[in-house]
Amino acid sequence: MSTEIVQKVLAGDVRATARLLRWIDDGRGEARRLLKVLYPRTGRARIIGITGNPGAGKSTLTDHLIRYFRSRDLRVAVVAIDPTSPFSGGAILGDRIRMQEHATDDGVFIRSFATRGHLGGLTSTTSDVVHALDAGGWQVILVETVGVGQDEVDVQRLAQTTVVVMAPGMGDEIQAIKAGVLEIADIFVVNKADREGADRTVRELQMMLDLEKVTQAELAHHGPVQSLLAAAEQRVSPAGWVPPVLKTTAVRGEGLDELCRALDDHHQVFLDACRDPQFVQARLRQQFLDVFRRTLVARGWSYLVHEDHLKQIVDRLQRGEADPYTLAEEAVKAVGGP
């Protein structure tokens with residue numbers, strides 16, 4: 003059964019791919035075993051992250067990008083991360099109603115996944131989903147996330163190119179930049195540019211990018227980051243790329259040619275950077291740490307729910323028999339830590 007699914011996924015079979023993605027999303031152990039087999043076939047897809055404030059028009063832009071890449075005869079997969087329903091735990095927006103025109107196109111695969119409370123704008127299994135699609139021969143993978151903020155910048159560690167979408171007049175677009183989004187964008191898009199305030203938003207973005215260049219120059223002067231963990235959390239991006247700030251009105255198709263050119267330009271810069279072994283190593287380090295963290299968390303939760311360990315720990319806390327730090331260390335040792 004497993005061998006059959008792997009073969010079908012590698013052959014681009016949509017039903018087998020959908021089944022595997024469902025297993026990944028449900029956290030089934032079989033999914034991880036299949037991912038181990040599929041991983042050697044990854045590394046060929048072009049991965050683009052699209053993030054931004056709710057209502058900025060991300061899905062409309064994604065819809066246009068699907069058409070652009072399909073016009074080049076490329077197979078496109080869309081991973082749409084939706085808010086979680088508080089009742090079912092599933093994705094509220096389903097498979098993106100506004101993208102239904104692609105439903106009959108065999109060269110387009112669209113799936114929605116719920117965040118289920120996971121911070122970072124992605125689900126805890128998004129990278130596994132992307133790896134499965136990559137192995138399945140989907141040449142372009144668009145990852146659309148639920149929003150931006152200080153804790154919602156994981157997309158930049160997964161994507162090769164990250165597009166941050168904003169709209170004027172929403173009141174918090176610049177606040178989002180201050181919250182850390184400035185560091186993750188390869189391309190800024192001010193969508194709904196026919197609205198009042200679009201030019202002001204562009205100017206403010208340009209000013210903040212100029213300030214960011216000065217800040218980065220000062221950091222470089224003080225030498226590289228010494229902490230391995232801090233270095234792994236840092237953005238891994240091609241040197242010398244300056245994020246452009248583009249204006250679009252996606253519903254009218256305005257500015258989209260410029261966006262597509264910017265995406266292609268950055269992709270070429272990314273491919274050039276991949277000739278540097280240190281650049282590749284930095285991205286692989288981030289990839290490993292992502293899997294490593296999720297593995298630790300999964301094993302930790304498995305231990306806590308097994309034989310009611312969590313209740314026993316809380317009972318000991320309530321009786322004043324131990325502190326949470328000691329109990330956490332004991333739990334880590336029980337899971338298999340030092």
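Just so we're aligned: 255 in my numbering is position 253 of the sequence shown, and the numbers increase by one with no gaps anywhere.
Each residue gets a CB set at the ideal place from its N, CA and C atoms; glycine is no exception.
Quick caveat: nothing in here was measured; it's all calculated off a predicted structure.
Query                                                                                                                                          : Result
Secondary structure at residue 419, three-state DSSP: helix, strand or coil?                                                                   : Here the chain comprises residues numbered 3 to 340, so residue 419 is not present and cannot be evaluated.
Which stretch, first to last residue, makes up the beta strand (DSSP E) that contains residue 114?                                             : 110–116
Please state whether the Cβ-Cβ distance between residue 262 and residue 70 is less than 7 Å.                                                   : yes
Could you give the residue range of the beta strand (DSSP E) that holds residue 84?                                                            : 78–84
Quick check: residue 184 and residue 214, are their CB atoms within less than 7 Å of each other?                                               : yes
Helix or strand or just coil, what does DSSP make of residue 51?                                                                               : strand
Any heavy atom of the ligand ADP closer than 6 Å to the beta-carbon of residue 105?                                                            : This structure does not include the ligand ADP; it has no bound ligands of any sort.
Out of 257, 30, 135 and 160, which one is the CA nearest neighbour of residue 147?                                                             : 160
Roughly how many angstroms lie between the CA atoms of residue 283 and residue 299, to the nearest whole one?                                  : 24 Å
By the 10 Å Cβ neighbour count, where 16 or more other Cβ atoms means buried, how is residue 313 classified, buried or exposed?                : exposed
My parser needs the beta strand (DSSP E) runs of 3 or more residues fully inside the stretch 235–286; what are they?                           : 247–249
Is residue 51 closer than 7 Å to residue 145 when the C-beta atoms are compared?                                                               : yes
Do the stretch 26–34 and the stretch 123–142 meet, that is, are 3 or more Cβ pairs less than 8 Å apart?                                        : yes
Per DSSP, which one or two residues make a beta bridge with residue 164?                                                                       : 51
Here's the rule I'm using: 16 or more other beta-carbon atoms within 10 Å means buried, otherwise exposed. How should residue 308 be labelled? : exposed
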